[in-house]
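This report refers to the structure that appears directly beneath it.
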Amino acid sequence: MLRNLKIYVPLAFFGVFLLLPFLWMLLTTFKSNQELLNTPNPFWIFHGTFSHVTDLLTQTAFPQWFANTLFVSVASTVLSVFVSYIAAYAIIRLRFPGSEVVSTIIFLAYIVPPAILFIPLATIIIQLHWFDKLWALVPIYATFLVPFCTWLLIGFLKNIPRELEEAARVDGASNVAILWRIIFPIAIPGLISAAIFSFTLSWNEYLYALVFMSSSGNKTVSVGMTSELIRGDVFQWGQLMAGALIGVLPAILVYFFFVEYYVAGLSGSVKE
Amino acid sequence: MKHLDRREFLATSAAGIGAAALAGSFPALASAADAPSFRPEKDAKLDLLRWTAFVPSDQTIWDENTKKFTAATGVPVSIQSLAWGDIAPKAALAAQVGSGPDIIMGWNDDPFVYPDKLVDMTDLVDNMGKAHGGWYDNARSYCYDQDVKRWVSLPVGCTGNAVNYRKSWVKEAGFGEFPKDLDGMLKLARVLKKNGHPTGFALGHAVGDANSWTHWILWAYGGKQANPDNSIAINSAETVNALEYARQLSETMIEGVAGWDDSSNNKAFAGGRIGMTMNGISIWYNGKKDTPDIFPDFANVTPPMGPVKTHTVSNNFTSAFVFKYSKFPNAAKEYLRFMLDKPQADRWVTEMKGYVTPALKAYAELPIWTSDPNITPYRDALASAKYDGYNGKPGKAAAQALDEYVIVDMFADVCVNKMAAKDAVRKAETRLQTIYKRA
Amino acid sequence: MTSRSPLLARLDSPRVLGYLLITPAAIILLGLLAYPLLLGIWLSLTNATIGKPGEFVGLQNYATIFADPIFRGAALFSIFYTVCAEFGKLILGLALALLLNQQFRGYRASRALMLLPWVAPTVLSALAWLWLLDPQFSAISWLLIRLHLIHSNIDFLGSGWGARFSLIVVNIWRGLPYFAIGYLAGLQSISKDLYEAAAIDGADGWQAFRRITWPLLLPITTILVAFSSIFTLTDFQLIWTITHGGPTDATQVFTTLAYQRAISGGQLGEGAAIAVSPIVFMVVLAVFVVRSVREK
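Protein chains in written order, with our numbering: chain W, 1 to 272; chain E, 1001 to 1439; chain B, 2001 to 2296.
In structure tokens, the structure reads:
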């Protein structure tokens, strides 16, 4: 009983703090504009309406934005995790000349603040003719995903016992074969945690998606929502909040199923 | 001059345009004095970036008119829209990298930030002005660049500002009608506050709402940011008087205005929390739909006058500019000409019900402006308007001062941070001097 | 596998393969990250404006911004914001991790739910916070008044310090799950034997935490704090959506000020200098991370 109290009371505190904005999103989604502004109890829905949800799904291109975001997030996640995995392996195991320098550069690369450096980045994007191409967001997002993923995987791979590889090497396996057949299966938890991290960051990105895409068909959820539902000083609160909630769904599904792997993967990489 | 070929185009396209005009809602008003056309380049196609329509009818009619344009000229136009605050980074990027939409509809001083990158609009502006009763002064202030000495943008209009109030509460306060001058308004505001209906004017970094009312008060007292030669003129007894007035007005305001953004006063007014504010027509427009029970009590009035004895309104001005990198500048001009020409614009302006006040004077005669007394103040928004950086030279420096909220922060320093008016003025003066020297 | 061609064998040598495997990461980071960064640094040394390349002016922009009280205020608040937010995330994240590290009914769902703030698109969750922090419509104020804890609505964003702390709380809210999940992983990697040994020695819970848990969590703490600080220091969307740097520049940070000067004001050179200036702090952090990772 006391133990339960010790768990559930603090848990309730965290629950309120962390979930209150989501409760607000949920309430706003189903409230009419009038009730949002004038209500005896903001925590209750007196006259519920589904119109915000249906408007969002039918009157706007939300499904398209959703699909775009999903595509970009999945693709940039796959690319970043792959690139980081082989880079981490090279840094940790192959110890080629300069590997230390490379790993330092990868960490230093993290210091780029995007809020203004999108201007110089844009020059390159234009020269490459990547402007307004949805897939271009994939390598662009990789710039802020690869450093973290590489770090995470370096930590993870470090803790895989060398004996496994040495045994394989005695059997005549090449480095590439070891990379794919021996290390890869063991590294899966680490890869999943890197993937979850990447997916989340890509899913939330705003500035690059705003400035580097221009056609309506290439908008992501964040950009699409703000560009269509913020009309001057009038915000379509119900639809914005409905979209925020629906936008969270895929990530929460991913988390629900993979959170244990994520934790396991991270703990593999931080083990002494 | 590349555009000499527009006359011949006029002959060939007049038939098409005339037909389109007749299809419009106001065939009677489709005058013969339409501005001359430009001949679109061969195989032209256009990309337009505009701010997301504030009202659905804006988008519907704009898109319909665009279709008519494509039918008449064969030039396809693809339209992208972004939230109004997100236009600036996109336009800056386009100017910087030399690639992007052919036409961008931006806000306030945007075109002055990169005038060299923009197509000369002088001929179009002249023609349109001649055909449609001339331009309001604001058009020149926001679109004619004095450094490069040409029109860098085509004025479209503004989302005008007026004072919004609750009729019954003003009556309850013992006022037969809304006061005509600022002193009267302050008296009313005090009674409203006492009756539990405070006023609410934004003092946070709200692009529209905070700038609009602070500039109105500043100008109403004769305060000026700069002189015509761009020397700083903010440090004056007039500015101090304006700040003293604002301090007294702020005592009648609801809690938290310093944290308000552009949507806050809409919420507070529609939620019945405040009895007076300044805003575009959006509060009134959306009240009909969102809060029908109290909507009949909403009213709008032209902002009262201060000691200068003229109206001094500050609006959000929008204009359309064409980038030099565009391969189809003539098509772009023709498109803009077509869209703001009477047959199209009449319907566009009418259906928006006062949301956008056109910069061309002829459109003030549309019946929509007098169809409801609450729309009329928005018709007059441009007639008495001053511009950002008044009475200095419109341009980069004024644009930057606006972006840095120098005037808003000066008012907030007095009203919220309780700084002495003289100190707030001096602080603003220093900031302005830095900005004007740099620009 | 046994009979490899000479070419394949050469490709498979650690040196060649090493370079080969690092190439994709290098291309992405050098081309799309390092190059723009260098361009940005170059811009900060010029008087470029939007649309005009500008000329080399040396450190003039830096001299200008360091003399600018608004920049100094922004720098101070950026650091204050980062330090407070990191501290809050660290303490609360660790507490949450300790909580979730126990077995109880619903622990799995709790873990997934607690991650929500980190997952929600920042722009949209900031809009939800705008309502919760609204001076008139805040549901938090409403609830506290109902509970008779306060008499009138809290003015979250209307005063300088109110706005500053509100932003810090929202930043903690968003980043806490990231710390919690990191610490959870750290906790699970600590062997149970250590605690049993400590228990035999008669250590109480707090002593066990101080002697075993915390020292063993130090490596992950360094990494979590370093990465999160970089994200916090370069945070833009949250502050821009909620306060736009107001009231009266109280919540201006490096990124918002740089954006305001460079993008809306067109002063690219000066804006770049503002954006580049925090790199000094971040280099220190980054070196810190590299060291701690290497030392393992």
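Yeah, the Cβ is synthetic: ideal placement off N, Cα and C, and Gly gets one too.
Beta-carbon contacts of residue i that lie in its chain and below 6 angstroms, excluding the five residues immediately before and after
i: residue 2271 of chain B; result: 2258, 2261, 2262
i: residue 1065 of chain E; result: 1339, 1344
i: residue 1084 of chain E; result: 1051
i: residue 1119 of chain E; result: 1322, 1324, 1329
Within-9 angstroms CB hit, residue i to chain W
i: residue 2267 of chain B; result: no
i: residue 2247 of chain B; result: no
i: residue 2005 of chain B; result: no
i: residue 2206 of chain B; result: no
i: residue 2119 of chain B; result: yes
i: residue 1051 of chain E; result: yes
i: residue 2137 of chain B; result: yes
Cβ shell of residue i (< 7 angstroms), same chain only, five flanking positions each side left out
i: residue 1188 of chain E; result: 1170, 1173, 1175, 1179
i: residue 1429 of chain E; result: 1232, 1234, 1235
i: residue 1061 of chain E; result: 1347, 1348, 1351
i: residue 2243 of chain B; result: 2157, 2163, 2167, 2251
i: residue 26 of chain W; result: 245
Cα-Cα separation between residue i and residue j, rounded to whole angstroms
i: residue 134 of chain W; j: residue 2029 of chain B; result: 20 angstroms
i: residue 2070 of chain B; j: residue 104 of chain W; result: 34 angstroms
i: residue 1208 of chain E; j: residue 1106 of chain E; result: 14 angstroms
i: residue 1048 of chain E; j: residue 1335 of chain E; result: 10 angstroms
i: residue 1391 of chain E; j: residue 2037 of chain B; result: 40 angstroms
i: residue 2219 of chain B; j: residue 2196 of chain B; result: 22 angstroms
i: residue 2124 of chain B; j: residue 24 of chain W; result: 12 angstroms
i: residue 2043 of chain B; j: residue 1218 of chain E; result: 37 angstroms
i: residue 1290 of chain E; j: residue 1082 of chain E; result: 24 angstroms
i: residue 1019 of chain E; j: residue 1396 of chain E; result: For residue 1019 of chain E, the predicted structure reports a pLDDT of 41, less than 50, and the residue's modelled location is therefore unreliable. A value from the coordinates is still provided. Each residue's alpha carbon lies about 43 angstroms from the other.
i: residue 10 of chain W; j: residue 16 of chain W; result: 10 angstroms
i: residue 1053 of chain E; j: residue 1351 of chain E; result: 12 angstroms
i: residue 2184 of chain B; j: residue 53 of chain W; result: 36 angstroms
i: residue 258 of chain W; j: residue 2040 of chain B; result: 39 angstroms
i: residue 1243 of chain E; j: residue 2074 of chain B; result: 26 angstroms
i: residue 142 of chain W; j: residue 80 of chain W; result: 5 angstroms
i: residue 1043 of chain E; j: residue 1074 of chain E; result: 8 angstroms
Same chain, Cβ closer than 8 angstroms to residue i, five either side skipped, listed in chain order
i: residue 214 of chain W; result: 131, 132
i: residue 275 of chain W; result: Nothing in the structure corresponds to residue 275 of chain W, since chain W is present only between 1 and 272.
Three-state class that DSSP yields for residue i in the structure shown
i: residue 2121 of chain B; result: coil
i: residue 2034 of chain B; result: helix
i: residue 88 of chain W; result: helix
i: residue 1101 of chain E; result: coil
i: residue 1319 of chain E; result: strand
i: residue 1053 of chain E; result: coil
i: residue 1260 of chain E; result: coil
i: residue 42 of chain W; result: coil
i: residue 2059 of chain B; result: coil
i: residue 1240 of chain E; result: helix
i: residue 1023 of chain E; result: The pLDDT assigned to residue 1023 of chain E is 37, lower than 50, so where the model puts this residue is not dependable, and the model offers no usable value.
i: residue 2111 of chain B; result: helix
i: residue 2046 of chain B; result: strand
i: residue 1247 of chain E; result: helix
Neighbour flag for residue i against chain B, beta carbons, 9 angstroms
i: residue 185 of chain W; result: no
i: residue 28 of chain W; result: yes
i: residue 1254 of chain E; result: yes
i: residue 1267 of chain E; result: yes
Min CB distance residue i to chain E below 9 angstroms
i: residue 2235 of chain B; result: no
i: residue 2254 of chain B; result: no
i: residue 2049 of chain B; result: yes
i: residue 2153 of chain B; result: yes
i: residue 2130 of chain B; result: yes
i: residue 2229 of chain B; result: no
- Unbroken stretches of the alpha helix (DSSP H), 4 residues or longer, contained in the stretch 1277-1310 of chain E: Complete alpha helix (DSSP H) runs here, min 4: 1282-1290.
- Could you tell me which uninterrupted alpha helix (DSSP H) segments, each at least 4 residues in length, are contained entirely in the stretch 2226-2268 of chain B, listed from first to last along the chain? Complete alpha helix (DSSP H) runs here, min 4: 2237-2242, 2254-2259.
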